[in-house]
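Using the numbering used here, you'd call the opening residue of the sequence shown number 180 and step up by one each time.
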Amino acid sequence: MDSIYKKIKILYTIPNFNTAGSGKVLYDLVKGLDKERFEVSIVCNHDKGSLFQEVKTLGIPIYLVNTTVSLRPYYTLFFRLRLFKNFVRNHEFDIVHSWHYSSDWTEALAVRLIGVKWLYTKKAMGFNHIHWIIRSYLANFVITINNEMRAYFPYKKQQALIPLGIDTDYYNAKLFNNQRLKDDGKFHIITVANLVPVKGIEVLLKALKFINNKNITLTIVGDNRSPYGDSLAKMAIELKLDQQVVFLGKQADVRPFIAQADLYIIPTLDEGRKEGRPMALVEAMTMAVPVLGSNISGISYVLKDFPELLFPASDIKELSAKIETLYNKDSNERVLLGKALRTYCETHFSMETFINAHELLYLKLTK
């Protein structure tokens, strides 16, 4: 039956579906929106990555279009905005929702110049640049994903905290019980990250060396084909951990590897871009795996009701002690902790709540 409402046409813009966990969140959002009320399209820069192919199966239009332009030279900026302006105008979008992580504001300017509503989801920490202020000023609405971000916009009423949702059916350890390593006598730690220096993986390696327990292993999932990845591999050898540490590289589906783990650790440093709302951490929690995380923005928001699972960023001794505490727990205690973390995610980071909040916001913006 045809809807009695005129569908709201939404364009999502995202750099790609090849990096970071937010691409999967956007996929779930697009998949879950009410098809009777909303007509969705997506724009991204390229078609790389297996998730891009999954998005294509949704049957919605996906365009490979550059939505941003260089600011300089300023005197030609408005002229260079015309391509994306015309794209948005010709498709008659009602709302453009940006999932870009950067401070670029040229996309916002192009959209606002033709009278279309533009909003963005603030995915990363940091707000110390004039371009973020301009981007936020141009936005009809700003969505934040942790409580600390709200302080970035003290005078902007058009904002709301909408924590990223997670598909708890997809991230479910019961789908992989047959793959859990039960009988090898090892304690398996895993970390999943975009391997850049701010992620602090070297802290985890040094903690493993400090503990000096060959029954504890570490699996590192992430693209390690970089100078930072090379430095981590070299460090593992220098610390004589090469028999305990495995670099798996980037994996299209991290769930089977998380399901094998006894503990997930996110050791991000308290510097640089930090964490907005680390999806890999929430994925591990939803897979009912015990976790530890550095006590910084984003991570502390996710684990605010589990302070015992936080450690001071870069503190090797404290991290080592936390690891040993969990290692020495009875396996049943770890199972109970994992179940509690999953239940917490089901309650606080529900995909249904996430989708409903967006639907209500889009309806409000187009009244």
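Just so it is clear, CB atoms sit at the ideal spot from N, CA and C, and this is done for glycine as well.
* **A339 - partner residues in DSSP beta bridges** => A339 is bridged by DSSP to I322.
* Asked: Quick one: Cα of G200 to Cα of V433, how far?
  -> Rounded to the nearest angstrom, the gap between the Cα atoms of G200 and V433 is 11 Å.
* Are the segment 225-244 and the segment 300-307 touching, with three or more C-beta to C-beta distances below 8 Å? -> Not touching, per the Cβ criterion.
* Secondary structure, beta strand (DSSP E): runs of 3+ residues fully inside the segment 373-445 -> Complete beta strand (DSSP E) runs here, min 3: 395-400, 424-428, 442-445.
* Using DSSP with H/G/I as helix, E/B as strand and the rest coil, what is Y350? -> Per DSSP, reduced to three states, the secondary structure at Y350 is coil, with no helix or strand assignment.
* 6 Å Cβ shell around A440 - same chain, five flanking residues per side excluded -> The answer, listed in chain order, is H367, I369, V468.
* Would you call the segment 332-339 and the segment 277-291 in contact, with 3 or more CB pairs under 8 Å? -> Segments in contact, no.
* **Any alpha helix (DSSP H) of 4 or more consecutive residues that is wholly inside the segment 465-538** => With a minimum length of 4 residues, the continuous alpha helix (DSSP H) runs that stay inside the segment 465-538 are 478-481, 495-507, 510-527.
* To do: Give the single residue among S405, S499, N507 whose Cα lies nearest to the Cα of L387.
  => Nearest C-alpha to L387: S499.
* In whole angstroms, what separates the C-alpha of E462 from that of P252? -> As the crow flies, the alpha-carbon of E462 is around 43 Å from that of P252.
* Asked: Which of helix, strand or coil does DSSP assign to E327?
  -> Helix at E327.
* Go through its chain and collect everything with a Cβ distance to D346's Cβ below 6 Å, but skip five positions before and after it. => Once the five neighbours on either side are set aside, the close Cβ partners of D346 are D207, M530.
* Asked: Are the segment 476-492 and the segment 424-433 in contact at 8 Å, needing three or more beta carbon pairs?
  -> Verdict: no, contact absent.
* Distance, L448 Cα to A492 Cα -> A492 and L448 have their C-alpha atoms roughly 5 Å apart.
* To do: Output yes or no for whether 8 Å exceeds the beta carbon distance between M464 and L343.
  => Between M464 and L343, the CB-CB gap reaches or exceeds 8 Å.
* Just tell me which of R259, P446, L292, F272 has its CA closest to the CA of P240. => Nearest of R259, P446, L292, F272 to P240, Cα basis: F272.
* Asked: Which same chain residues, not among the five before or five after V377, have their C-beta less than 8 Å away from its C-beta?
  -> Hits under 8 Å: T447, L448, E450, G451, R452, K453.
* Less than 7 Å between the CB of T192 and some heavy atom of the ligand PLP, yes or no? -> Ligands in the displayed structure: none, and consequently the ligand PLP is not present.
* **Span separating the alpha-carbon of S410 from that of H270** => Near 48 Å, if we compare the C-alpha coordinates of H270 and S410.
* To do: Please state whether DSSP places H367 in a helix, a strand or coil.
  => In this structure, H367 counts as strand in the three-state DSSP scheme.
* **Boundaries of the alpha helix (DSSP H) in which V290 is found, first to last residue** => 285-292 is the span of the alpha helix (DSSP H), which, as asked, contains V290.
* Asked: For the putative contact between V267 and L190, defined by C-beta atoms under 8 Å, what is the C-beta separation to the nearest angstrom?
  -> Contact check for V267 and L190: beta-carbon distance about 7 Å, within the 8 Å limit, so the pair qualifies.
* Return the CA-CA distance between S277 and Q337, expressed in angstroms with no decimal places. => S277 and Q337: Cα-Cα distance of roughly 15 Å.
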